[in-house]
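Novice: Residue numbers (my numbering), protein chains in the order written: chain A, 506 to 617; chain B, 9 to 121.
Glycine included, each C-beta is placed from N, C-alpha and C at the ideal position.
Predicted, not measured: the structure shown is a model, and the values here were computed from it.
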Amino acid sequence: GENVEQHPSTLSVQEGDSAVIKCTYSDSASNYFPWYKQELGKRPQLIIDIRSNVGEKKDQRIAVTLNKTAKHFSLHITETQPEDSAVYFCAPEGGSNYKLTFGKGTLLTVNP
Amino acid sequence: DTEVTQTPKHLVMGMTNKKSLKCEQHMGHRAMYWYKQKAKKPPELMFVYSYEKLSINESVPSRFSPECPNSSLLNLHLHALQPEDSALYLCASSHTQTTRGYTFGSGTRLTVV
Numbered sequence: 506g507e508n509v510e511q512h513p514s515t516l517s518v519q520e521g522d523s524a525v526i527k528c529t530y531s532d533s534a535s536n537y538f539p540w541y542k543q544e545l546g547k548r549p550q551l552i553i554d555i556r557s558n559v560g561e562k563k564d565q566r567i568a569v570t571l572n573k574t575a576k577h578f579s580l581h582i583t584e585t586q587p588e589d590s591a592v593y594f595c596a597p598e599g600g601s602n603y604k605l606t607f608g609k610g611t612l613l614t615v616n617p
Numbered sequence: 009d010t011e012v013t014q015t016p017k018h019l020v021m022g023m024t025n026k027k028s029l030k031c032e033q034h035m036g037h038r039a040m041y042w043y044k045q046k047a048k049k050p051p052e053l054m055f056v057y058s059y060e061k062l063s064i065n066e067s068v069p070s071r072f073s074p075e076c077p078n079s080s081l082l083n084l085h086l087h088a089l090q091p092e093d094s095a096l097y098l099c100a101s102s103h104t105q106t107t108r109g110y111t112f113g114s115g116t117r118l119t120v121v
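1) Out of Phe594(A), Asn572(A), Ser601(A), Leu612(A), which has the shortest C-alpha to C-alpha gap to Pro587(A)?
2) Using the beta-carbon of each residue, which ones in chain A are nearer than 9 Å to Thr15(B)?
3) Please confirm if Asp554(A) has its CB atom under 8 Å from at least one CB of chain B.
4) Asp589(A) by DSSP, collapsed to three states: which one?
5) With contact counted as at least three CB pairs below 8 Å, one residue from each stretch, are the segment 48-65 of chain B and the segment 76-93 of chain B in contact?
6) Which first and last residues belong to the beta strand (DSSP E) in which Asp564(A) is found?
7) Which residues in chain B have a C-beta closer than 8 Å to the C-beta of Tyr603(A)? List them in chain order.
8) Tell me which residues of the segment 589-617 of chain A have at least one Cβ-Cβ distance to chain B shorter than 9 Å, keeping chain order.
9) Report the residue from Ser28(B), Lys46(B), Ser80(B) whose alpha carbon sits nearest the alpha carbon of Lys61(B).
10) Closest Cβ-Cβ distance between Leu551(A) and chain B: below 8 Å?
11) Spell out whether any CB of chain B is found under 8 Å from the CB atom of Tyr537(A).
12) Under DSSP, the beta strand (DSSP E) around Pro74(B) begins and ends at which residues?
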């Protein structure tokens, strides 16, 4: 099965700073790489995703970069705001079984 | 309608009880999923239904029994659960099993006493 590692496990930044979370995976056949945001007591929500034929994707303050050779992808949040505080999960999709394997999560705290 | 609706939101049950969790979506999605999430942990896949047929069972104990009566509904029948089964149970759906982008429901917080 897919082995997924996510770092860091916690991240504290000042409002306005940037935040970067990294995810490494093991399945070289993986070709879909989403990031989910889960606020306390709420459902996971897809915030951005990327497919293997693209190196970078941006949506306003959020971007995802993919390095397929090194088997890692990263979430970048710029100009962080307190409402960005949440747990973020990477969840690469297995190449053969289409299953999402969630990383252990990163607790992001944005301090006003 | 762009939501996945789960009922009940909270459930407390004894170890000898039988209860069911319900999940409903009207987005025309043909893949539906059950996940279990313990506190401060990532969601863990339990079952996948694709076109109303069980596609993946992640070696889940038989005290959890899924059912997909039609393309809009997904149930999870619970029987003889253990306290360690207490968790948030999340339902999700996607267009198909190979289509990316899940929509999650708000979950049922289950407590087994």
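Specialist: This is what the structure gives:
1) Looking up residue 587(A) in the first sequence gives position 82. Of the listed residues, the one whose Cα sits closest to Pro587(A) is Leu612(A).
2) Working through the second sequence from its first residue, we reach residue 15(B) at position 7. Under the 9 Å cutoff, chain A gives no residues; its nearest Cβ is about 14 Å from Thr15(B).
3) Translated into the one-based positions of the first sequence, residue 554(A) becomes position 49. It does: the Cβ of Asp554(A) has a partner Cβ on chain B nearer than 8 Å.
4) Residue 589(A) sits at position 84 when you count from the first residue of the first sequence. DSSP places Asp589(A) in helix when its eight states are reduced to three.
5) yes
6) Stepping through the first sequence from its first residue, residue 564(A) is reached at position 59. Segment 561-564, the beta strand (DSSP E) holding Asp564(A).
7) For this step, residue 603(A) is matched to residue 98 along the first sequence. What Tyr603(A) touches in chain B: Gln105, Thr106.
8) Val592, Phe594, Ala596, Glu598, Asn602, Tyr603, Lys604, Leu605, Thr606, Phe607, Gly608, Lys609, Gly610, Leu612
9) By 1-based counting over the second sequence, the position of residue 61(B) is 53. For Lys61(B), the nearest C-alpha among the options comes from Ser80(B).
10) As a working mapping, residue 551(A) is identified with position 46 in the first sequence. Yes, because at least one Cβ of chain B sits closer than 8 Å to the Cβ of Leu551(A).
11) Numbered from its first residue, the first sequence carries residue 537(A) at position 32. Yes, Tyr537(A) counts as interfacial toward chain B.
12) The residue given as residue 74(B) occupies position 66 in the second sequence. Looking at the DSSP string, the run of the beta strand (DSSP E) that includes Pro74(B) is 72-78.
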